[in-house]
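**Student:**
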Amino acid sequence: MHNKRSFTDQFFLVLKGLGMGAANKVPGVSGGIVAFVVGFYEEFIYTLQKFDKNAFKLFINGRFKSFHRYTNGSFMMPLLFGIIISYFSISILLDYLIKHYEILVWSGFFGMIIGSIYYIAKDYDDWSKKNIGFLLLGIITGVGISFLSPATENDNLLFVFFCGILGVSGMTLPGLSGSFILILIGNYVLLLVDSVNAINLTVADILQLDFSFVNMPERVHLLKIFFVFLAGSLVGLVSWAYILGFVLKSYKNETFAVIIGFITGSLGVVWPWKDKILKVGKDGQPLYDINNNPIIEGYQRYWPDFNAGHTWLAVLFVLIGLGIVLALDWYGKLNAPTYEDS
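Letter by letter, the sequence shown follows residues 683 to 1024 in our numbering.
#1: Return the CA-CA distance between ASN736 and PHE763, expressed in angstroms with no decimal places.
#2: My guess is that ASN754 and LYS732 are in contact by the Cβ rule of under 8 angstroms, so how many angstroms apart are they, rounded?
#3: Could you pull out every residue in the same chain whose Cβ sits closer than 7 angstroms to the Cβ of GLY927, ignoring the five residues on either side in sequence?
#4: Quick one: grab the DSSP three-state call for ALA1009.
#5: Check whether the Cβ of SER851 lies closer than 8 angstroms to any Cβ atom in chain C.
#6: Identify the residues that DSSP records as bridge partners of ASP957: which are they?
#7: Just to confirm, is the Cβ distance from LEU1004 to GLY793 under 8 angstroms?
#8: Do you know how far the Cα of LYS964 is from the Cα of ALA803?
#9: Taking only three categories from DSSP, how would you classify PRO968?
#10: Just list the residues that DSSP pairs VAL962 with in beta bridges.
#11: Looking at C-alpha atoms only, which residue of HIS750, LEU775 and GLY852 is the closest neighbour of ALA923?
#12: Take every Cβ of the region 930-938, pair it with every Cβ of the region 811-828, and state whether three or more of those distances are shorter than 8 angstroms.
#13: Would you call VAL787 buried or exposed, if buried means 16 or more other Cβ atoms sit within 10 Å of its Cβ?
#14: So, does the region 890-898 touch the region 912-923, judging by three or more C-beta pairs under 8 angstroms?
#15: Would you decide whether SER688 is buried or exposed? Buried here means 16 or more other CB atoms lie within 10 Å of its CB.
#16: Excluding the 5 residues flanking VAL696 on each side, which residues of the same chain have their C-beta closer than 7 angstroms to its C-beta?
#17: Using the Cα positions of VAL952 and PRO986, report the straight-line distance between them to the nearest angstrom.
#18: Tell me whether ILE867 sits in a helix, a strand or coil according to DSSP, three-state version.
#19: Please check the pair GLY744 and GLY824, which I expect to be a contact at CB under 8 angstroms, by giving their CB distance rounded to whole angstroms.
#20: So, are the CB atoms of PHE908 and ILE942 less than 8 angstroms apart?
#21: Rounded to whole angstroms, what is the Cα-Cα separation between GLY797 and GLN982?
#22: Extract the residue ranges of the alpha helix (DSSP H) inside the region 812-855, only unbroken runs of 4 or more that lie entirely within it.
#23: Using 8 angstroms as the threshold, is the C-beta distance between ILE863 and GLY849 below it?
#24: Nearest to GLY950 by CA position, among ASP691, LEU818, SER756 and SER828, is which residue?
#25: Do you know whose CA, among ILE865, LYS956, VAL997 and PHE746, lies nearest TYR984's CA?
#26: Out of MET758, ILE865, LEU779 and LEU905, which has the shortest C-alpha to C-alpha gap to ASN879?
#27: Give a yes or no on whether the C-beta atoms belonging to TYR778 and LYS707 are separated by under 8 angstroms.
#28: In this structure, how does DSSP classify VAL696 when only helix, strand and coil are distinguished?
#29: Taking the alpha helix (DSSP H) that ARG1025 falls in, what are its first and last residues?
#30: Can you say whether LYS649 is buried or exposed, counting buried as having 16 or more other CB atoms within 10 angstroms of its CB?
#31: Please determine, among ALA704, PHE694 and PHE741, the residue with the shortest C-alpha to C-alpha distance to PHE722.
#32: Please state if the CB of PRO954 and the CB of ALA996 are separated by a distance shorter than 8 angstroms.
#33: Could you give the DSSP three-state label for ARG751: helix, strand or coil?
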């Protein structure tokens, strides 16, 4: 399948990649939801399947134009560029906003997820008893995951590789937050904060021709962790795509029913009104990451007080989040790309 896209289309793909990358780094939000809402989820899954042995042979043999065409490069390259840029930039802005305006950020995400449920469900018309069962299965699974307790940190490289496979799941599975999964298995701070900071510091050192980091055991260890995690993520991205590609072809309606349920169940993860449960050490004092941020172990949710003004501000942000999704839906209908078989 070959897709002709203009420069404007590719520019918007970069922006969508920024959204996917940022969403996948925020606990409770899925990059796959962004792909679903803006209308390229199935193309994303089927394009990932093109990164196979044939693509590898084309690349190794230097047939880059054929490689670009075979792997739907006009779609994938701008999207990946946006995801990578987001991973090291926009996600930092999101971290800042969550730190200083947490309830408003979660409210916006809550509204966006409600919007994504509407977006997926509005055209779904196969509500058989079997698919309602799959819907309920998705809801129960999503709710169950949102209330699991996090494990402790583990920097074993084989486990880190496995974390990469799980952590990238949010890119391909709408409603499943890869970052939240990393929190549950105890490695969110290690893999999405500490190792990324190590990469940023190392790049800055190299640009200044300072290679003293090679004599810093802790930095070198974090760099190893980052690249092993990256390798696991790449393997996971393609592996999940093959699994989902098969499932979508063979059980499309059942899969969509599970996805709708799963996203609905995941609303508990991004519920705006919650207090942090901080991880504490043996001395009973909160533990902090290298950025001096307290490490979150879980959340205590509560019902909002509608007599308070800040509650209505949060509700406004829920509506803004919902409006963003509806606007993206409207944009997607106006700018739906055309495909040609090749």
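C-beta atoms are modelled at their ideal positions from N, C-alpha and C, and glycine is treated no differently.
**Tutor:** This is what the structure holds:
#1: Reading the sequence shown from its first residue, position 54 is the one you call residue 736. Reading the sequence shown from its first residue, position 81 is the one you call residue 763. Taking the Cα positions, ASN736 is about 23 angstroms away from PHE763.
#2: Reading the sequence shown from its first residue, position 72 is the one you call residue 754. Reading the sequence shown from its first residue, position 50 is the one you call residue 732. ASN754 to LYS732, Cβ: 6 angstroms. Contact.
#3: What you label residue 927 is simply residue 245 of the sequence shown in a count that begins at 1. Answer for GLY927: ILE727, TYR728 and GLN731, listed in chain order.
#4: Within the sequence shown, numbered from 1, the residue matching residue 1009 stands at position 327. Three-state result, ALA1009: helix.
#5: Of the protein chains in this structure there is only one, and it is not chain C.
#6: Position 275 of the sequence shown, counting from 1, holds the residue named residue 957. Looking at the DSSP assignment, ASP957 forms a beta bridge with GLN982.
#7: Residue 1004 sits at position 322 when you count from the first residue of the sequence shown. Residue 793 sits at position 111 when you count from the first residue of the sequence shown. Yes.
#8: Numbered from 1 along the sequence shown, position 121 holds the residue referred to as residue 803. Numbered from 1 along the sequence shown, position 282 holds the residue referred to as residue 964. Taking the straight line joining both Cα atoms gives about 47 angstroms.
#9: What you label residue 968 is simply residue 286 of the sequence shown in a count that begins at 1. In the structure shown, PRO968 sits in a strand (DSSP, three-state: E or B).
#10: Mapped onto the sequence shown, residue 962 falls at position 280. The partner list for VAL962 (beta bridge, DSSP) reads PRO968.
#11: Here the question's residue 923 lines up with position 241 in the sequence shown. For ALA923, the nearest C-alpha among the options comes from GLY852.
#12: The region 930-938, when compared against the region 811-828, does touch it at the 8 angstroms Cβ threshold.
#13: On the sequence shown, position 105 is the one that residue 787 refers to. Under this definition VAL787 is a buried residue.
#14: no
#15: Position 6 of the sequence shown, counted from the start, is the residue given in the question as residue 688. Answer is exposed; the Cβ neighbour count stays below 16.
#16: Translated into positions along the sequence shown, residue 696 becomes position 14. Closer than 7 angstroms at the Cβ level, and outside the excluded window around VAL696, lie PRO760, PHE763 and GLY764.
#17: Locating residue 952 in the sequence shown gives position 270, counting from the first residue. Locating residue 986 in the sequence shown gives position 304, counting from the first residue. One C-alpha to the other measures close to 14 angstroms.
#18: Here residue 867 refers to the residue found at position 185 of the sequence shown. Coil.
#19: Counting from 1 along the sequence shown, the entry for residue 744 is found at position 62. Counting from 1 along the sequence shown, the entry for residue 824 is found at position 142. Taking C-beta atoms under 8 angstroms as the contact rule, GLY744 and GLY824 fail to qualify, at a distance of about 46 angstroms.
#20: For the purposes of this step, residue 908 is identified with residue 226 of the sequence shown, where counting begins at 1. For the purposes of this step, residue 942 is identified with residue 260 of the sequence shown, where counting begins at 1. Not in contact: PHE908 and ILE942 (Cβ atoms no closer than 8 angstroms).
#21: Along the sequence shown, one-based indexing puts residue 797 at 115. Along the sequence shown, one-based indexing puts residue 982 at 300. Taking the straight line from one Cα to the other gives about 25 angstroms.
#22: Assignment of alpha helix (DSSP H) within the region 812-855, counting only whole runs of 4 or more residues, yields 839-849 and 851-854 in chain order.
#23: The residue given as residue 863 occupies position 181 in the sequence shown. The residue given as residue 849 occupies position 167 in the sequence shown. For ILE863 and GLY849, yes; Cβs fall inside 8 angstroms.
#24: The sequence position of residue 950 within the sequence shown is 268, counting from 1. Of the listed residues, the one whose Cα sits closest to GLY950 is SER828.
#25: Against the sequence shown, residue 984 aligns to sequence position 302. Nearest C-alpha to TYR984: LYS956.
#26: Here residue 879 is taken as the residue at index 197 of the sequence shown, counted from 1. If we check each option's Cα against that of ASN879, LEU905 comes out closest.
#27: Stepping through the sequence shown from its first residue, residue 778 is reached at position 96. Stepping through the sequence shown from its first residue, residue 707 is reached at position 25. No, Cβ-Cβ distance for TYR778 and LYS707 is not below 8 angstroms.
#28: Here residue 696 is taken as the residue at index 14 of the sequence shown, counted from 1. VAL696: helix per DSSP, three-state reduction.
#29: Outside the shown range of the chain, which is 683 to 1024, sits residue 1025, and nothing can be said about it.
#30: This structure leaves residue 649 out entirely; the chain is present only between 683 and 1024.
#31: For this step, residue 722 is matched to residue 40 along the sequence shown. Of the listed residues, the one whose Cα sits closest to PHE722 is PHE694.
#32: Sequence index remark: in the sequence shown, residue 996 carries index 314 (1-based). Sequence index remark: in the sequence shown, residue 954 carries index 272 (1-based). For ALA996 and PRO954, yes; Cβs fall inside 8 angstroms.
#33: One-based indexing of the sequence shown puts residue 751 at position 69. Residue state, collapsed to three classes: helix.
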